[in-house]
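Since the structure comes first, as structure tokens, the remarks are kept for the end.
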Amino acid sequence: MLFSSMIFIWIFLPTVIGINFLLTVLPLPSHKIRISLKNGFLLAASLLFYAWGNIAYLPVLIFSILFNYYGGLLIGNSMGKGNGKTKLAFILGIDICLLILFKYFGVIVIGISFFTFQAMSYVIDVYTGKVQTQKKILDFALYVSFFPQLVAGPIVKYGDVAQQLENRQETVFLFAEGQKRFCYGLGKKILLANTFAEAVDKIWAFDTTRLGSPAAWIGILCYTLQIYYDFSGYSDMAIGLGRMLGFRFGENFAYPYTSLSIREFWRRWHMSLSSWFKEYVYIPLGGSRQGQKRTCINLFLVFLLTGAWHGANITFVAWGVYYALLLILERLLLGRVLDKNPVKIFNWIYSMFFVMLGWVLFRSDSISQAIEYIRQLFSGTASDAMLIMAMPTRMMAVLPAGLLLTGLLQRLLGKQYEKVKNLLPVRICDLCVQTVILILSIFMLVNGTYNPFIYFQF
Numbered sequence: 253m254l255f256s257s258m259i260f261i262w263i264f265l266p267t268v269i270g271i272n273f274l275l276t277v278l279p280l281p282s283h284k285i286r287i288s289l290k291n292g293f294l295l296a297a298s299l300l301f302y303a304w305g306n307i308a309y310l311p312v313l314i315f316s317i318l319f320n321y322y323g324g325l326l327i328g329n330s331m332g333k334g335n336g337k338t339k340l341a342f343i344l345g346i347d348i349c350l351l352i353l354f355k356y357f358g359v360i361v362i363g364i365s366f367f368t369f370q371a372m373s374y375v376i377d378v379y380t381g382k383v384q385t386q387k388k389i390l391d392f393a394l395y396v397s398f399f400p401q402l403v404a405g406p407i408v409k410y411g412d413v414a415q416q417l418e419n420r421q422e423t424v425f426l427f428a429e430g431q432k433r434f435c436y437g438l439g440k441k442i443l444l445a446n447t448f449a450e451a452v453d454k455i456w457a458f459d460t461t462r463l464g465s466p467a468a469w470i471g472i473l474c475y476t477l478q479i480y481y482d483f484s485g486y487s488d489m490a491i492g493l494g495r496m497l498g499f500r501f502g503e504n505f506a507y508p509y510t511s512l513s514i515r516e517f518w519r520r521w522h523m524s525l526s527s528w529f530k531e532y533v534y535i536p537l538g539g540s541r542q543g544q545k546r547t548c549i550n551l552f553l554v555f556l557l558t559g560a561w562h563g564a565n566i567t568f569v570a571w572g573v574y575y576a577l578l579l580i581l582e583r584l585l586l587g588r589v590l591d592k593n594p595v596k597i598f599n600w601i602y603s604m605f606f607v608m609l610g611w612v613l614f615r616s617d618s619i620s621q622a623i624e625y626i627r628q629l630f631s632g633t634a635s636d637a638m639l640i641m642a643m644p645t646r647m648m649a650v651l652p653a654g655l656l657l658t659g660l661l662q663r664l665l666g667k668q669y670e671k672v673k674n675l676l677p678v679r680i681c682d683l684c685v686q687t688v689i690l691i692l693s694i695f696m697l698v699n700g701t702y703n704p705f706i707y708f709q710f
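According to our numbering, the stretch in the sequence shown is residues 253 to 710, in order.
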């Protein structure tokens, strides 16, 4: 089930919110019973949400929940007995084997990378003593399968929501905040990402050897915007839905296209994944504590794995290696130049140039197609006029907004908005904008607009 689908917006979401509200206001013997009922209901709703896409996926999710729940108990009971490391290695080994089996051998299970990483982080944190073992299987199951972030993140660590599973406060303010975030995320997805996606698909379906420079640049600009608004829009909707139900998830994007270096880009893009790899791979490997050579090796390994996490296609691995090399170059030499450069616009141009080239690798079906596409970018040859004319007319209408809303406008006016956002006139304007976005998005959905999520495949 997609967030940006009529059945979700008109049936699933209102039903979940309505029943959750009833469980909030019904007279019950204790808060503990209330939370247990709400968690049980949200778990049932989450399993239905996941099974809706393909019920064949459900056993994989349930196995992951049960295996890691009992794995956590096993490790918790082993603390101080000297064999916890062996048990941890076994549990993580099974998790990784399942991930490889379903991700790299042609059996697509939606969201497996996200819920497996969440389950793994829980088991690791139990072993390291960062969190206590969760004894309530339904609460653990809700943590792994909670529908807002189940299939495309953000990746949530157990320690960040453990208290919320047991004692969360749902307020009108938090609900309104979540509603706003959901509407803006829906607009990002439907009005912006889907529009750019139509242009991208037309260009990438064209014979790459005859693409020409103008079409190639239009294609990569549109894909750069599509993947940002698609994924950050989903994250906004997930965070908003969580708040509407009383949960606070961490941010997943922080205007990455305003970055002044590749290092900064990865601190701002898919932050939950970057944080996961940093905490559970980079730091255990030694991080930056063992000299320059070892740090570079660690960076290379982490981004090799980051690329492989996205899929079996060699282009994803190459994309990870590409970023590893850029980050190593910045660490060894270029970073100091960028830090000292007083004209920061050049830093931004450098960052966006290499980010956009990286998206060519990410979007292409093969290395040879990526190489040819990059060659077309700089070929200086004209593009087929019919291809340019086939671009969606509304693409040009939304392009200025697409460029400005990547963070340029928000970072320019964000501080001023924070000062006045709680004033009644501003709140009324906000609500009007949300309503317009929701109506336009629903109109587009009714008219059958292109509507996949890029990150569902991961």
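Glycine included, every Cβ here is placed at the ideal spot set by N, Cα and C.
Please report the Cβ distance between S693 and I348, rounded to the nearest whole angstrom; I am assuming they are in contact, meaning their Cβ atoms lie under 8 Å. Position 441 of the sequence shown holds residue 693. Position 96 of the sequence shown holds residue 348. Actually they are not in contact, since the Cβ atoms of S693 and I348 sit about 38 Å apart, beyond 8 Å.
If you reduce the DSSP assignment to three classes, tell me which class M523 lands in. Here the question's residue 523 lines up with position 271 in the sequence shown. Of the three classes helix, strand and coil, the one that applies to M523 here is helix, per DSSP.
Boundaries (first-last residue) of the alpha helix (DSSP H) holding Q478: By 1-based counting over the sequence shown, the position of residue 478 is 226. Looking at the DSSP string, the run of the alpha helix (DSSP H) that includes Q478 is 465-496.
Locate the alpha helix (DSSP H) running through G345, then write down its first and last residues. In the sequence shown, residue 345 corresponds to position 93, counting from 1. Segment 336-356, the alpha helix (DSSP H) holding G345.
Can you list, in chain order, the residues of its chain with a C-beta nearer than 8 Å to that of F458? Leave out the 5 residues immediately preceding and following it. Position 206 of the sequence shown, counting from 1, holds the residue named residue 458. For F458, where only same-chain residues beyond five positions count, the Cβ hits under 8 Å are A467, D636, L639.
To test your reading of the DSSP string, which unbroken beta strand (DSSP E) runs of 3 or more residues are found completely within the segment 579-650? none
Return the chain-ordered list of same chain residues with a C-beta closer than 6 Å to the C-beta of Y475, the five sequence neighbours on each side being excluded. Sequence index remark: in the sequence shown, residue 475 carries index 223 (1-based). For Y475, where only same-chain residues beyond five positions count, the Cβ hits under 6 Å are V452, W611, R615.
According to DSSP, is H562 helix, strand or coil? Position 310 of the sequence shown, counting from 1, holds the residue named residue 562. In the structure shown, H562 sits in coil (DSSP, three-state: anything other than H, G, I, E or B).
With 16 other CB atoms within 10 Å as the buried threshold, where does F529 fall? Residue numbering aside, residue 529 sits at position 277 when the sequence shown is read from its first letter. That one is buried.
Spell out a yes or no on whether the segment 508-518 and the segment 647-660 are touching, meaning 3 or more CB-CB pairs, one atom from each, closer than 8 Å. yes
At 4 residues or longer, what runs of the alpha helix (DSSP H) sit wholly inside the segment 359-385? 364-380
Go through its chain and collect everything with a Cβ distance to F369's Cβ below 7 Å, but skip five positions before and after it. For this step, residue 369 is matched to residue 117 along the sequence shown. The answer, listed in chain order, is I407, W528.
Say whether the segment 396-416 touches the segment 274-293, bearing in mind that this needs 3 or more beta-carbon pairs closer than 8 Å, one atom from each stretch. Segments in contact, no.
Look at the alpha carbon of I472 and the alpha carbon of I479, and state the distance between them as a whole number of angstroms. Position 220 of the sequence shown, counted from the start, is the residue given in the question as residue 472. Position 227 of the sequence shown, counted from the start, is the residue given in the question as residue 479. Going from the Cα of I472 to the Cα of I479 covers about 10 Å.
Inter-residue spacing [alpha-carbon to alpha-carbon] between S540 and A634: Position 288 of the sequence shown, counting from 1, holds the residue named residue 540. Position 382 of the sequence shown, counting from 1, holds the residue named residue 634. So the alpha carbons of these two residues sit roughly 47 Å apart.
Is the beta carbon of L350 sitting closer than 8 Å to the one on K339? The count along the sequence shown starts at 1 and reaches residue 350 at position 98. The count along the sequence shown starts at 1 and reaches residue 339 at position 87. Taking 8 Å as the Cβ cut-off, L350 and K339 do not qualify as a contacting pair.
In whole angstroms, give me the CA-to-CA distance for F392 and K290. Translated into the one-based positions of the sequence shown, residue 392 becomes position 140. Translated into the one-based positions of the sequence shown, residue 290 becomes position 38. In a straight line, the C-alpha of F392 is about 14 Å away from that of K290.
Measure the alpha-carbon distance for A428 versus A404 and round it to whole angstroms. The residue labelled residue 428 in the question sits at position 176 within the sequence shown. The residue labelled residue 404 in the question sits at position 152 within the sequence shown. Spanning the two alpha carbons is a distance of roughly 23 Å.
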